[in-house]
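Peer 1: Below are the structure tokens for one structure; questions will follow.
There are 4 protein chains.
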Amino acid sequence: MAEQTVTAEGREIAERVGRFVREVVVPYERDSRWGAHGPSPEMVEEMRGQARAAGVMTPHIPQGGRHLSHRDTAIVLEAAGFSPLGPVAVNVAAPDEGNMYLLGRVATAEQKAHFLQPLLEGRVRSAFLMTEPAEDNGAGSDPSMLRTAAERDGDHWVISGRKCLTSGLLGARVGIVMARTGDAATMFLVDLPDPAIRIEHVPDTLDSTLPGAHPSSRIDRLRVPASAVLGEVGQGFRYAQVRLSPARLTHCMRWLGACERAQQIACDYAVRRHAFGKPLVDHEGVGFKLAENRIALQQCRLMIDWCAGVLDSGAAGTTESSMAKVAVSEALFRVADNCVQVMGGTGVTGDTIVEQVFREVRAFRIYDGPTEVHLWSLAKRIKKETLGRQHP
Amino acid sequence: MAEQTVTAEGREIAERVGRFVREVVVPYERDSRWGAHGPSPEMVEEMRGQARAAGVMTPHIPQGGRHLSHRDTAIVLEAAGFSPLGPVAVNVAAPDEGNMYLLGRVATAEQKAHFLQPLLEGRVRSAFLMTEPAEDNGAGSDPSMLRTAAERDGDHWVISGRKCLTSGLLGARVGIVMARTGDAATMFLVDLPDPAIRIEHVPDTLDSTLPGAHPSSRIDRLRVPASAVLGEVGQGFRYAQVRLSPARLTHCMRWLGACERAQQIACDYAVRRHAFGKPLVDHEGVGFKLAENRIALQQCRLMIDWCAGVLDSGAAGTTESSMAKVAVSEALFRVADNCVQVMGGTGVTGDTIVEQVFREVRAFRIYDGPTEVHLWSLAKRIKKETLGRQHP
Amino acid sequence: MAEQTVTAEGREIAERVGRFVREVVVPYERDSRWGAHGPSPEMVEEMRGQARAAGVMTPHIPQGGRHLSHRDTAIVLEAAGFSPLGPVAVNVAAPDEGNMYLLGRVATAEQKAHFLQPLLEGRVRSAFLMTEPAEDNGAGSDPSMLRTAAERDGDHWVISGRKCLTSGLLGARVGIVMARTGDAATMFLVDLPDPAIRIEHVPDTLDSTLPGAHPSSRIDRLRVPASAVLGEVGQGFRYAQVRLSPARLTHCMRWLGACERAQQIACDYAVRRHAFGKPLVDHEGVGFKLAENRIALQQCRLMIDWCAGVLDSGAAGTTESSMAKVAVSEALFRVADNCVQVMGGTGVTGDTIVEQVFREVRAFRIYDGPTEVHLWSLAKRIKKETLGRQHP
Amino acid sequence: MAEQTVTAEGREIAERVGRFVREVVVPYERDSRWGAHGPSPEMVEEMRGQARAAGVMTPHIPQGGRHLSHRDTAIVLEAAGFSPLGPVAVNVAAPDEGNMYLLGRVATAEQKAHFLQPLLEGRVRSAFLMTEPAEDNGAGSDPSMLRTAAERDGDHWVISGRKCLTSGLLGARVGIVMARTGDAATMFLVDLPDPAIRIEHVPDTLDSTLPGAHPSSRIDRLRVPASAVLGEVGQGFRYAQVRLSPARLTHCMRWLGACERAQQIACDYAVRRHAFGKPLVDHEGVGFKLAENRIALQQCRLMIDWCAGVLDSGAAGTTESSMAKVAVSEALFRVADNCVQVMGGTGVTGDTIVEQVFREVRAFRIYDGPTEVHLWSLAKRIKKETLGRQHP
């Protein structure tokens, strides 16, 4: 089935990243500078300094913008995800990872120098301003509901609207703003912060890994030059697709690593903790959960590898990445839920990262398109294929 | 099936409590004094002042210690649970509710005057020091692993050991300490704080409703007089059972109320928010989840009512409360999970209480015995009954 | 919650029916005259003869058409269902039970004498010709797609169309035919067999309890007098609703009894069969399944009792019976599936009735409206109620 | 991840087998000679004659006993499984396929000539007499409970005991009998029928694909020469393992094909059948099920491919085949169950093979070790690995 495969380079990088995360990043998990809105800027900077020193900064884009294959990326990002802080530490976290990917594909040389290069170096963070508030019935799962609008004004564009759930916006230096331009949509590159983009609300969220939280903001007559257009005017939805499939999949990769870790923690607990005369793991009610987890983790790894292979073949992979996203996010949630349950009272405390992985993975079932939206588009595809088979 | 039923008094109290929670308590949900370790003491005091004024303080024990039937209690506590803050506001929250129940059944008149009365008045909070650290392989799901020990010393007892996950311990004034006395266990009543009970660690936890958090503590030669023994020496495990069945069930009652609320919020969202050309609720992927929730909520209500009826009949209800606890906690978790999913990105923010209800209900699948422990004891019961049927 | 309750008469009847089923009907389960299309006519007659002798024929309609309350009916039909053959033996099986209910409510005195009385005496069987073939896109879950049409011809009606999945049609003597009359639908009473109703196909089906199978037929210019109209012309859909809620619920009652039996068989097996050094029941992987079943069976009983109470109050119970049907059919399927799994290789053989119960209950998730259709109508109801709550 | 891959030869064979099954075998699905105990001998012979003519007999062992790789076998057997009759028609069905594999690995040249060659040619069928009756507490999921015993008698062995659920025994010509020899177990090759092996009972079973049913038999002083020992005396359990991992996996391959077919049938139905104003597939309640199926089928394919790769590497693959068996059998059951549900009333009839696939796949969750037994051994493995990680 698999034609291409993981390279020796990919393996070597993944191994280095994994060692760095286990040895350097994991101890930061107990750092008090990590709060409900993610790790503090100082803590991020400190971890990244060590990543640079260890040669594992932005490891999936090794030199000058050359990007590893998706298959190689898979094992590198899984290794990074072994700690929830790992992806931030080595600069493969959302949304920066997806934004770097997009800029690498679509940006001009000037845009790359100004916006992409600092991101690749892990010196700044970025935000993708796409989702809009439910109370406005703006763009959510259905991007066609986009309300933020850009109007041409001579050599400039003037953008107004509201955005929400913009991951990482607090402290970000690079913004990609999605706005309606006539009947189509366009992406604009923006230096942040900008006084025309005012943060209105920073909600608490179930997850707490990302620096920069998930704020809501109001864009009020943001004025940008024509050179701020990313790619071509009117191609915003198409670029969103370019970003989307790989971005969905890198989420899967990172959280697979995190759930492997949660499983290890739960296994350690289950062989150590006793109840009713034997270690927990010898109770089938516990042991079966760990066994189911092991199966699920393997299934996730295979789905990621398969979808990465499709992307590596040059296909858009929209259907395949929807399938992988649904399968992996739902499976990892059950894995994390099982880990919590196995650990009993300890599982609901922050004394291990299991509790946090559970929260993050819950959110993952919604981020990048809730399961239901993917099933909806898969059903459409199935209908089309079935009609095609019936009337070839 | 149901012989006894809810009384007019119960209905009237439930209605008053429900109105109070909707009108007075719900607005406190946005109060910034409510943090990760529960609402602040000031906030609790303020809400309770209003509850007293409204005549809904400790509403299930209306006058002088007379306790409503379990069936009446069910509808009162469901009404209180409509806000996660409701049970604390009207003084029907865990662990106080269960502790009041236990003291009402077992304590001497002197103990009642000293320990129970202030609890009934909602002037103090209490803690039940039972669970012990996993790293010590102490008492958890298996209470027989109790390691904290009390030794007789003349007219006194001296207690030493470690406890953890003691809900509400921070700021509590009444403590019930479970300790090994020889081959059996005994409960002791303690005024808190006491220098011999030192808080070692206050973990973050998935849930955040309770004032007083879930600390770990070390008990170091705590000296109490013989009059501190609750009930009889050596009857600790039996009293734990007295407390256990009703306490499990009141958890079910309160969280049923909370999930009814989450369902209302999700329904409101689903009729308001549009995607792909129609309101979310018109998408079967959303509407079916809300329909499943409605069915599940009804099933929970019926299980609670049934088990309450068993308790009202005077039976211990150990099996029935295990059945109810498993059924209700697992069902409510699916309800809350569905609500989060229906609300998409909004569902994982703290902008509504849905996100919090999800966290609390996750913990409920573990508190008061994880699902697996109840299934284990039910399986034992089934074996015994089957053998009895085969060889009558 | 429950205002009315089961009567002493109901209990006494249920007890007699239960004894009859255990002592007389259960042995028939090994009778070779019971094949893939249900028990043979001789076998049915033989069992019914014994039922008459034991005074348990049509036990829910004790004298002259007086019908027990729905709550009393629940325990009687559960007792009958303890063997898959029980309902046929004591004449409480579908579709006769629902047809008797409908005729008792709507038929004229003459129609009752001619059509209902022989049914009440268990001397004939009946069929409800409603569902139409998928290949015609006829009436299925969506009754409005009804294609069979009746046209007025003087004092007569002439009916043509196709029907399918008509349970019990082979050998039935009473037919209720649903046909379009203009924009509405009308029910017609027909003596069977009739040469104008030609059986085209008798499919094998997953279930095999019912005498008379589930044939397809073609109705070709069936001529009936005006007196054959059941109730009023154009009220067919309304009468279908009259029949529907109770009929759904009696399905639940009977299959609850069958699944109680399957659970007993599985429990017996699990205490007797050993593996890996102990009885199966002592393996949590087995014991937990039996424990979950016990909880599920209790939930089913409570949902049935609740919905029966609603019907007894005089309400139509459309929503409640949808809720009960979904909850009970889905839960009983899991119960039956667990029983099969617990029994391993023995579970997939016909050596016990567990295998058959599994097949029947699978079909039950579709009969009387698949789960999805009920969720769909519940979602519509939720939308309406939510809008009503928002804009009272 | 995948190092080796499917060959061009494998693809070519799979394509030919697939075409044969679609064009020649599928029409036999409506043949009345296919009954509850499988297709009749005449029907099998007729289909196999066509398979020989088409050059697709025993396609995974192309010439003189050379066996395709497990990965190539996977796609060939999936293609064969597209009809439930396909595996029998092209001679890749259980138990023959596993028996041929075992004999190919362990039998002497003489044994191969006598027992294996006719099997390879598809001229005879075989049976593996391993499982023993539950009422004797004989060998089931726990092979160590083997009770059938062989005693040395000069140059011969005399075997006595009872067997049950021996798939394909009716009409089989080759028997492999597992019997206790002292503390160990030994396999014996037997020509069938033999008067010392008396069939006692032929149960009806949920599945109905296999010719030869699943009889129980009594072995009464069966006398075989020393040359009848397969491999070495006392190595029976080891050989059972040799057979087990690949046999589990070929089950997965065949049923994957069958479920792909069921999915196609359900998709065809869902685009054709209307309800409530649109085709079923446009109802999310239906479309989502088909989408989930598509994801599940892909996951099954990946698990099979992965496990086949492990076996091709020469590893025993015990853990991996347990993981694959659990994952695939449970997933395919949900797929088949969804297909039944999508098709409504039609789904529970034998008018399409969906109903049969549902029954077969249900049994598959038990055959070759119920899910619970695999989880149990996985849990043991996890414990061992965790302890090894903690104390390397």
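Chains as they are written, first to last, in this note's numbering: chain A, 31 to 422; chain B, 31 to 422; chain C, 31 to 422; chain D, 31 to 422. Beta carbons: idealized from backbone N, C-alpha and C, even for Gly.
1) I'd like to know whether the C-beta atoms of L107 (chain B) and T280 (chain B) end up nearer to each other than 7 angstroms.
2) Select from the region 299 to 330 of chain A all residues with a C-beta closer than 7 angstroms to any C-beta belonging to chain C, and list them in chain order.
3) Interface residues of chain C around N167 (chain D) at Cβ under 7 angstroms?
4) Comparing the C-beta of P173 (chain D) with each C-beta of chain C, is any distance below 7 angstroms?
5) On the DSSP bridge assignment, give the partners of L219 (chain D) in chain order.
6) Just checking my contact of M77 (chain D) with V56 (chain D) at CB under 8 angstroms: how many whole Å lie between their CB atoms?
7) When DSSP labels each residue in this structure, what does I43 (chain D) get in the three-state scheme?
8) First and last residue of the beta strand (DSSP E) that includes D250 (chain C)?
9) For P245 (chain A), return the contacting residues in chain B, with the cut-off set at a CB-CB distance below 8 angstroms.
10) Out of A:V301, A:P245, A:R411, state which residue places its alpha-carbon closest to the alpha-carbon of L320 (chain D).
11) Within the continuous alpha helix (DSSP H) that includes F338 (chain C), where are the two ends?
12) Is it the case that the Cβ atoms of A292 (chain B) and C369 (chain B) are separated by a distance below 7 angstroms?
13) Using the Cα positions of E75 (chain D) and M217 (chain C), report the straight-line distance between them to the nearest angstrom.
14) With a 10 Å radius around its C-beta and 16 neighbouring C-beta atoms as the bar for buried, classify Q420 (chain B) as buried or exposed.
15) Can you find at least 3 beta carbon pairs, one from the region 155 to 166 of chain C and one from the region 373 to 392 of chain C, that sit closer than 8 angstroms?
16) DSSP on P89 (chain C), reduced to helix/strand/coil?
17) Can you pull out the residues from the region 217 to 242 of chain D whose beta carbon lies closer than 9 angstroms to at least one beta carbon of chain C?
18) Below 8 angstroms on the Cβ atoms is my contact criterion, and I expect T429 (chain A) with D224 (chain D) to pass it. Report the Cβ-Cβ distance as a whole number of Å.
19) Which one of D:P241, D:N167, D:G261, D:D237 has the shortest CA to CA distance from V207 (chain D)?
20) Quick one: grab the DSSP three-state call for H404 (chain D).
21) Quick check on this structure: which residue in A:A83, A:A143, A:E59 has the alpha carbon closest to the alpha carbon of M73 (chain A)?
22) Can you tell me whether K308 (chain C) is buried or exposed, with buried defined as 16 or more other CB within 10 angstroms of its CB?
23) What does D381 (chain D) touch in chain C if you count any residue whose Cβ is under 9 angstroms from its own?
24) Would you mind telling me which residues of chain D sit closer than 9 angstroms to W187 (chain A), beta carbon to beta carbon, in chain order?
25) Does the separation of the CB atoms of A243 (chain C) and L195 (chain C) fall below 7 angstroms?
26) Can you pull the chain D residues whose beta carbon is under 9 angstroms from the beta carbon of A357 (chain A), in chain order?
27) Of the choices A:G152, A:T235, A:V154, A:S247, whose alpha-carbon is the least far from that of S190 (chain A)?
28) With contact counted as at least three CB pairs below 8 angstroms, one residue from each stretch, are the region 397 to 412 of chain D and the region 352 to 364 of chain D in contact?
29) Which chain D residues sit within Cβ distance under 7 angstroms of E385 (chain C)?
30) So with CB distances below 7 angstroms, who are the chain C contacts of G374 (chain D)?
31) Quick check on A409 (chain B) - is its C-beta less than 7 angstroms from some C-beta in chain C?
32) If the criterion is Cβ atoms closer than 7 angstroms, does the pair G134 (chain B) and G198 (chain B) meet it?
33) For a quick check, are the C-beta atoms of H186 (chain D) and R253 (chain D) less than 7 angstroms apart?
34) Are any of the Cβ atoms in chain B nearer than 7 angstroms to that of V136 (chain A)?
35) Going by DSSP, what residue range makes up the beta strand (DSSP E) through H281 (chain D)?
36) Work out the CA separation of S238 (chain B) and G65 (chain B) for me, nearest whole Å.
Peer 2: Taking the structure as given:
1) Here residue 107 (chain B) refers to the residue found at position 77 of the second sequence. Here residue 280 (chain B) refers to the residue found at position 250 of the second sequence. Contact flag set, yes.
2) If you check each beta-carbon in the region 299 to 330 of chain A against every beta-carbon of chain C, the ones closer than 7 angstroms belong to H313, E314, G315, F318.
3) Here residue 167 (chain D) refers to the residue found at position 137 when the fourth sequence is read from its first residue. Per Cβ cutoff of 7 angstroms: R303, H304.
4) In the fourth sequence, the residue the question calls residue 173 (chain D) occupies position 143. Not one chain C Cβ lies under 7 angstroms of P173 (chain D).
5) Translated into positions along the fourth sequence, residue 219 (chain D) becomes position 189. L219 (chain D) is bridged to D:I206.
6) By 1-based counting over the fourth sequence, the position of residue 77 (chain D) is 47. By 1-based counting over the fourth sequence, the position of residue 56 (chain D) is 26. The Cβ separation is near 11 angstroms, so there is no contact.
7) Here residue 43 (chain D) refers to the residue found at position 13 when the fourth sequence is read from its first residue. In this structure, I43 (chain D) counts as helix in the three-state DSSP scheme.
8) Locating residue 250 (chain C) in the third sequence gives position 220, where the first residue counts as 1. Counting along the chain, the beta strand (DSSP E) containing D250 (chain C) begins and ends at 246 to 255.
9) On the first sequence, position 215 is the one that residue 245 (chain A) refers to. Here the premise fails: no neighbours, minimum Cβ distance about 11 angstroms.
10) Indexing the fourth sequence from 1 puts residue 320 (chain D) at position 290. Nearest C-alpha to L320 (chain D) among A:V301, A:P245, A:R411: A:R411.
11) What you label residue 338 (chain C) is simply residue 308 of the third sequence in a count that begins at 1. What sits at residue 338 (chain C) in the sequence shown is Ala, not Phe. Judged by DSSP secondary structure, A338 (chain C) falls within the alpha helix (DSSP H) whose first and last residues are 314 to 342.
12) Locating residue 292 (chain B) in the second sequence gives position 262, counting from the first residue. Locating residue 369 (chain B) in the second sequence gives position 339, counting from the first residue. For A292 (chain B) and C369 (chain B), yes; Cβs fall inside 7 angstroms.
13) By one-based count along the fourth sequence, residue 75 (chain D) stands at place 45. By one-based count along the third sequence, residue 217 (chain C) stands at place 187. Spanning the two alpha carbons is a distance of roughly 52 angstroms.
14) Your numbering for residue 420 (chain B) matches position 390 in the second sequence. By the neighbour-count criterion, in which a residue is buried when 16 or more other Cβ atoms sit within 10 angstroms of its Cβ, Q420 (chain B) is exposed.
15) Touching, no, given that fewer than three Cβ pairs across the two stretches are closer than 8 angstroms.
16) Counting from one through the third sequence, the residue named residue 89 (chain C) turns up at place 59. DSSP places P89 (chain C) in coil when its eight states are reduced to three.
17) From the region 217 to 242 of chain D, only H231, P233, D234, T235, L236, D237 have a Cβ closer than 9 angstroms to chain C.
18) Any property of residue 429 (chain A) remains undetermined from this structure, which presents chain A solely from 31 to 422.
19) Against the fourth sequence, residue 207 (chain D) aligns to sequence position 177. Here the closest residue by C-alpha is D:G261.
20) Walking along the fourth sequence from the start, residue 404 (chain D) turns up at place 374. Of the three classes helix, strand and coil, the one that applies to H404 (chain D) here is helix, per DSSP.
21) Residue mapping note: residue 73 (chain A) aligns to position 43 of the first sequence, counting from 1. Ranking the options by Cα distance to M73 (chain A), first place goes to A:E59.
22) Taking the third sequence and counting its residues from 1, the one referred to as residue 308 (chain C) is at position 278. With fewer than 16 other Cβ atoms within 10 Å, it is exposed.
23) Start at 1 with the first residue of the fourth sequence, and residue 381 (chain D) comes out as number 351. In chain order: H231, P233, D234.
24) To locate residue 187 (chain A), count along the first sequence from 1; it is residue 157. Ordered by position in chain D, no residue passes the 9 angstroms Cβ test against W187 (chain A), which lies about 38 angstroms from the chain.
25) Here the question's residue 243 (chain C) lines up with position 213 in the third sequence. Here the question's residue 195 (chain C) lines up with position 165 in the third sequence. No, they are not a contact pair.
26) Position 327 of the first sequence, counted from the first residue, corresponds to residue 357 (chain A). Chain D residues near A357 (chain A): I325, A326, Q328, Q329.
27) Stepping through the first sequence from its first residue, residue 190 (chain A) is reached at position 160. Ranked by how close their Cα comes to the Cα of S190 (chain A), the residues A:G152, A:T235, A:V154, A:S247 have A:S247 in first place.
28) In short, these stretches touch, since the Cβ pair count reaches three.
29) On the third sequence, residue 385 (chain C) is found 355 positions in, with the first residue counted as 1. Neighbours of E385 (chain C) on chain D, chain order: L236.
30) Here the question's residue 374 (chain D) lines up with position 344 in the fourth sequence. Near G374 (chain D) (Cβ distances below 7 angstroms), the residues of chain C are G170, S171, I396, P400.
31) Position 379 of the second sequence, counted from the start, is the residue given in the question as residue 409 (chain B). At a cut-off of 7 angstroms, the C-beta of A409 (chain B) has a neighbouring C-beta in chain C.
32) Here residue 134 (chain B) corresponds to residue number 104 of the second sequence, with the count starting at 1. Here residue 198 (chain B) corresponds to residue number 168 of the second sequence, with the count starting at 1. With contacts defined as CB atoms closer than 7 angstroms, G134 (chain B) and G198 (chain B) fail to qualify as a contacting pair.
33) Your numbering for residue 186 (chain D) matches position 156 in the fourth sequence. Your numbering for residue 253 (chain D) matches position 223 in the fourth sequence. Yes. Within cutoff.
34) Taking the first sequence and counting its residues from 1, one reaches residue 136 (chain A) at position 106. Not an interface residue.
35) Residue mapping note: residue 281 (chain D) aligns to position 251 of the fourth sequence, counting from 1. According to the DSSP assignment, H281 (chain D) belongs to no beta strand (DSSP E) but to the alpha helix (DSSP H) extending over 266 to 302.
36) Translated into the one-based positions of the second sequence, residue 65 (chain B) becomes position 35. Translated into the one-based positions of the second sequence, residue 238 (chain B) becomes position 208. Computed Cα separation, rounded: 7 angstroms.
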